[in-house]
Each structure stands twice: as C-alpha cells, then as structure tokens.
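> Letter by letter, the sequence shown follows residues 76 to 272 in the numbering used here.
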Amino acid sequence: MKKLGTLGIVGFLLLFGMYGCNSYNGLVEKDNNVETLWSKVQTQYQRRADLIGNLVKTVQGAADFERGTLTDVIEARSKATAVQLSADDLTPENMAKFQAAQDQLSGSLSRLLVSVERYPDLKANQNFLELQAQIEGTENRISVARNDFNAGVGDYNLSVRTFPNNLMAGFFGFSKKAFFEASEGAQDAPDVDFDFK
Numbered sequence: 076m077k078k079l080g081t082l083g084i085v086g087f088l089l090l091f092g093m094y095g096c097n098s099y100n101g102l103v104e105k106d107n108n109v110e111t112l113w114s115k116v117q118t119q120y121q122r123r124a125d126l127i128g129n130l131v132k133t134v135q136g137a138a139d140f141e142r143g144t145l146t147d148v149i150e151a152r153s154k155a156t157a158v159q160l161s162a163d164d165l166t167p168e169n170m171a172k173f174q175a176a177q178d179q180l181s182g183s184l185s186r187l188l189v190s191v192e193r194y195p196d197l198k199a200n201q202n203f204l205e206l207q208a209q210i211e212g213t214e215n216r217i218s219v220a221r222n223d224f225n226a227g228v229g230d231y232n233l234s235v236r237t238f239p240n241n242l243m244a245g246f247f248g249f250s251k252k253a254f255f256e257a258s259e260g261a262q263d264a265p266d267v268d269f270d271f272k
C-alpha cells in the first residue's frame, strides 16, 4: 500500500513537471514571437526615419522651401529615433512615449507633404516622387507590422492570463505586454487646407 502511494505521488509530480515544462516552453515561444514582431515594427519605423532623411535632403534642394517646416521634420525625426524600446519594456507607459514620438514625426511629415503643394517644380522632381511613394509604402508596412504585433501580444497575453498557465507565468516572471493603441483623435479625419493665400 505504501509503495502504491509513493508511486502515485511520483507519478503526479512527474505529470506536474511535464506540464510545467510544456507551459514554460509555450510561454517562452510566445514571448520570443512578441520580440520578433516588435523588431519588425522597429525595422519599419527605422525605414521611415531613413527615408525621411533622404526626403528632407531632396526638399532642401528647393531653395525657397519653408525652412521652419523642414526644421520641424528634422527635430521630430531626431526625437522619434531617440526613443528606443526593447521587447522587455513593452509597458503601456513606454508604448505611449514611443507612440507620442512617432505621432509627432507623422504630423510633421504630413505638414511637409501638404506644403509641397505650393512648389510645382518640387512636386515634379522624380527623386521626390519616388521617396514620397516609398514613404507611403512604408506607412502601410508599419500598419501591417503593428497589426501583426498586436495579434502576437494578444496571443501572449491570453496565455499569461489563463489558468493554469497564469500560475507558471507568475512563477517564472512572465507579465502582460502592452498593445499598440490608436493615438488620441486618430478616428478624426485630418483637416487639410489647400487655400494658400
């Protein structure tokens, strides 16, 4: 009888150990997926920052272009690239800081592209047109990367929060990660005014 009880305990511990290893490995896999998806988001934002540098150089060639607009873009690009966020620091506060810097750059870039309407020679410049098309494509890639990231975070967070994985997650230090969220006012259409008097 004693032997049977010991075997039962050993069997239970063995099953619990196997489940624990399986849960841990699953959480590590999902955490690694979030890191990979985050690096893809950062890659697209870096691509945009690099393209903006080339766009600014092209626009600077138009001697009569507004220097204030270019300065705003250059400063916003600098701030956006200065905010570095690792996959381990994906808290809502850090994500808000990252998003705020990217939003500022997006706003400056939008103002730059709208003000180009005043300069027919610049609008016809082949380099400018190619860079503008690449930036538009990059904005689409950013959107796709952010959606993929949010899907990965959702899958990871679900695993971290559901029972009994939440026990293993808590024991091994896996915590929820923050999603990308729409910026405040993102649902409102921008007010574009082409009345240049």
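Virtual Cβ for every residue (Gly too), placed ideally from N, Cα, C. Computed from a predicted structure; not experimentally measured.
So, for Gly95: in the same chain, excluding its five sequence neighbours on each side, which residues have a beta-carbon less than 7 Å away from its beta-carbon?
Cβ within range, chain order: Met243.
> Under 8 Å, with one C-beta from each stretch per pair, do the segment 119-133 and the segment 146-155 reach the 3-pair mark?
The answer is yes - the segment 146-155 touches the segment 119-133, with three or more Cβ pairs under 8 Å.
> From which residue to which residue does the alpha helix (DSSP H) around Glu150 run?
Residues Arg142 to Ala157.
> So, at 8 Å on beta carbons, what are the nonlocal neighbours of Ala220 in its own chain, with the 5 sequence-adjacent residues on each side left out?
So the qualifying residues of the chain are Leu112, Lys115, Val116, Thr118 and Gln119.
> Using the three-state DSSP reduction, which class does Pro167 fall into: helix, strand or coil?
Reduced to three states, the DSSP call for Pro167 is helix.
> Once the 5 residues before and after Gln201 are set aside, which same chain residues still bring their CB inside 7 Å of it?
Contacts found: none.
> With DSSP run on the structure shown, which of helix, strand or coil describes Ser185?
Of the three classes helix, strand and coil, the one that applies to Ser185 here is helix, per DSSP.
> For the putative contact between Phe247 and Leu102, defined by C-beta atoms under 8 Å, what is the C-beta separation to the nearest angstrom?
Their Cβ separation, rounded to whole angstroms, is 7 Å, which keeps Phe247 and Leu102 in contact under 8 Å.
> Thinking C-beta only, is Leu145 closer than 8 Å to Gln159?
No, the Cβ-Cβ distance between Gln159 and Leu145 is not below 8 Å.
> Thinking C-alpha only, which one of Arg142, Phe224, Asn169 and Ile217 is nearest Arg186?
When each option's Cα is compared against that of Arg186, the closest is Arg142.
> Considering just the uninterrupted stretch of the alpha helix (DSSP H) at Asn215, what are its terminal residues?
Gln201 to Arg236 is the extent of the alpha helix (DSSP H) around Asn215.
> Among the candidates Asn107, Gly83 and Gly86, whose CA atom is the shortest distance from the CA of Phe249?
With distances taken between Cα atoms, Phe249 lies closest to Asn107.
> If we define contact as Cβ-Cβ less than 8 Å, is Ala226 a contact residue for chain B?
Given the protein chain composition of this structure (a single chain), no chain B is represented.
> Please state the DSSP three-state secondary structure of Ser161.
If DSSP states are grouped into helix, strand and coil, Ser161 belongs with coil.
> Classify Val267: buried if its beta carbon has 16 or more other beta carbons within 10 angstroms, exposed otherwise.
With a pLDDT of 40 at Val267, under the threshold of 50, the modelled position of this residue cannot be trusted; read the value that follows with caution. Exposed, because fewer than 16 other Cβ atoms sit within 10 Å of the Cβ of Val267.
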